Amino acid sequence: TMPQRPVWNKRSLTYRIHNYTPDMKREDVDYAIQKAFQVWSDVTPLKFRRIHAGEADIVIRFAYRDHGDFNSFDGKDGILAHAFGPGSGIGGDAHFDEAETWSKSTQGRNLFLVAVHELGHSLGLGHSRDPNAIMYPNYRHFDLNTFHLSADDVRGIQSLYGGPGTHQPKPNPDGSGPAACDPNLTFDAVTTMGDKILFFKDRFFWWKLPESTAAGVSSIYSVWPTLPSGIQAAYEVKDRNQVFLFKDDKYWLISDLRLQPNPPKRIHSLGFPESVKKIDAAVFNPFLHKAYFFVDNQYWRYDVKRQLMDPTYPRLISKWFPGIKPKIDAAFYFKGHFYFFQGSNQVEYDVRSQRITKRLKSNSWFGC
Amino acid sequence: APLTHNNRSTEKIDVTFAIEYLSNFYNLHLDGTPMTKMKINNNFLEEKIQEMQQFFGLKVTGQLDSSTLELMHTPRCGVPDAQHFT
């Protein structure tokens, strides 16, 4: 993103094509620009509408050399185009150097690809160091049939505007995103991650420092674009900086805050029988270095060091966790306690003394 | 002698080009020194070359080596990598 993170404060933006390059048919220019906007609208809540007269938020121009914005073009090659970050007047406008040969193909400079990049600036993105990103500063031809934004591009734009079909979610009820203070709030999964606690719900997760009531909320997609929504269980092995996330019969690894690029693994590789189709909740016990997996009214215990499921499991939850009834929606470990989430309720359970120490509402962490 | 002269001449063109590139995209300030005199603070120039090499994932030498110059000549977006576009 750009310094000071300028963004548009509205979700519906207008654009106008001020003039055309003689290198291409007008309809091809129109199409390239429209498709370039679509690339960004596909991954954000932003909507773009073309207008033919009047003041548009984003104006597209083709220009030679000095063109009135104190940032002259330099003739063929070198600088191909530039754009201004969100703002009034010239803010958001994208200018293309007419000295280039613009095209809809691989000949010369492909207008669509350059437009996607410049419109990224128009929306508030800076340059990426990732050569696979469209926001990398240097021109590179991508296969137009398979073109898609890189994870870095998506992360950048969604950090400014949120994911598609959503507003930038807020932790408090405002009609958009989940409401942390809803008394009936339930969670899909909860885990610590580094110094934060993450609370997963549908497409979103809240993140907060344990000692602070302030919480942030993000869409899962905006942070880990390849991770599905509806995470069902999660646990952290803190001394390895690893977080495991579970959905249905698959699990993913986040190591040092980065989602590992390998495809998800099957939970059965951990030792679950084929009859187990999903995990309700998971929690890590750092004293024993074991992970507990809760499935319906039973739980399994997994030895993280030996990478084997402990024998004599599954066991009944109600028998071995006195006072905890099935079934468990989510669980996490923090400072000597397990926290079990069941519907809109939460139980604090002392790991050493093996007894319940507190009964709480599920959203007690948000200072509602 | 002509070979040395040519080499120096090429080097001068490269440095002039690099200074222009770094001024455009890496916030290199010449502080009013005419570019032709090449009296720019060498350390600062080296730092800016390093910044650019780091951004592009090149070997960080601070020198205008061939890969750095090649990358500088690649067509690109006019928005700076290291400052506001005003």
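So the protein sequences, as listed, match chains A and B. FYI, the numbering for the first sequence is 1 to 368, going by our numbering. FYI, the numbering for the second sequence is 1001 to 1086, going by our numbering. The beta carbon of each residue, even a glycine, is placed where N, CA and C say it ideally should be. As the structure is a computational prediction, the values presented were derived from the model and not from experiment.
- Any Cβ of chain B closer than 8 Å to the Cβ of A:Arg258 would place that residue at the interface, and such an atom is absent.
- Under DSSP, A:Gly216 takes part in a beta bridge, and its partners are A:Trp207.
- Here B:Met1052 is not bridged, per DSSP, to any residue.
- In the structure shown, A:His268 falls within a helical segment according to DSSP collapsed to helix, strand and coil.
- Closer than 8 Å to the CB of B:Gly1062 there is not a single CB belonging to chain A.
- Residue ranges of uninterrupted beta strand (DSSP E) with 3 or more members, entirely inside the stretch 3-68 of chain A and ordered along the chain, are 12-17, 47-50 and 58-63.
- Membership of A:Lys358 in the beta strand (DSSP E) is indicated by the continuous run Arg355 to Lys361.
- By the Cβ rule, the stretch 203-218 of chain A does not count as touching the stretch 251-260 of chain A, because fewer than three pairs are nearer than 8 Å.
- Counting only residues of its own chain and dropping the five nearest sequence neighbours on each side, A:His67 has a CB closer than 8 Å to the CB of Arg61, Phe73 and His95.
- Judged by their CB atoms, A:Ala83 and A:Asp93 are nearer to each other than the 8 Å cut-off.
- B:Phe1055 is positioned such that its CB atom lies closer than 8 Å to that of B:Asp1081.
- Cβ atoms of A:Ala32 and A:Tyr64 stay farther apart than 8 Å, at about 20 Å.
- For A:Gln158 against A:Val7, the beta-carbon gap comes to about 12 Å, at or over 8 Å, which does not count as contact.
- Residues of chain B with a Cβ closer than 9 Å to the Cβ of A:Tyr139 are, in chain order, Thr1074, Pro1075, Arg1076 and Cys1077.
- DSSP places A:Tyr136 in no alpha helix (DSSP H); its state is neither H nor E.
- Taking the C-beta atoms as reference points, A:Val283 is found no nearer than 8 Å to A:Phe341.
- Residue-level contact check: A:Gly124 does not touch chain B, since none of the beta carbons of chain B fall below 8 Å from its beta carbon.
- Boundaries of the alpha helix (DSSP H) harbouring A:Arg155: Ala151 to Tyr161, taken from the DSSP string.
- The Cβ atoms of A:Leu13 and A:Ile58 sit closer than 8 Å to each other.
- Ranking A:Tyr139, A:Phe142, A:Arg359 and A:Gly126 by CA distance to the CA of A:Asp152 puts A:Gly126 first.
- Taken through DSSP and simplified to helix, strand or coil, B:Phe1017 comes out as helix.
- Separation of A:Thr106 and B:Glu1070 (C-alpha to C-alpha, rounded to the nearest whole angstrom) is 21 Å.
- Pairing A:Arg155 with A:Val223 gives a Cβ-Cβ distance under 8 Å.
- For A:Glu118, the C-beta contacts it makes with chain B under 9 Å involve Cys1077 and Val1079, in order along the chain.
- Against A:Leu80, the close residues of chain B are Pro1075, Arg1076, Cys1077 and Gly1078, in the order they occur along the chain (beta-carbon pairs closer than 9 Å).
- DSSP places A:Ser318 outside any beta strand (DSSP E); the residue lies instead in the alpha helix (DSSP H), whose first and last residues are Ile317 to Trp320.
- Not a single C-beta of chain B is nearer than 8 Å to the C-beta of A:Asp93.
- The alpha-carbon of B:Glu1046 is positioned some 17 Å away from that of B:Ile1013.
- In the DSSP assignment, A:Thr192 forms a beta bridge with A:Ile197.
- No Cβ of chain B is located within less than 8 Å of the beta carbon of A:Asp310.
- Between A:Asp329 and A:Ala291, the CB-CB gap reaches or exceeds 8 Å.
- Rounded to the nearest whole angstrom, the C-alpha separation of A:Val304 and A:Leu316 is 21 Å.
- Secondary structure of A:Arg306 (DSSP, three-state): coil.
- Assignment of A:Phe112 by DSSP, reduced to helix, strand and coil, places it in the helix class.
- The C-beta distance from A:Ala215 to A:Phe200 rounds to 13 Å, too long to fall under 8 Å, and the pair is not in contact.
- With contacts defined as CB atoms closer than 8 Å, A:Pro264 and A:Pro164 fail to qualify as a contacting pair.
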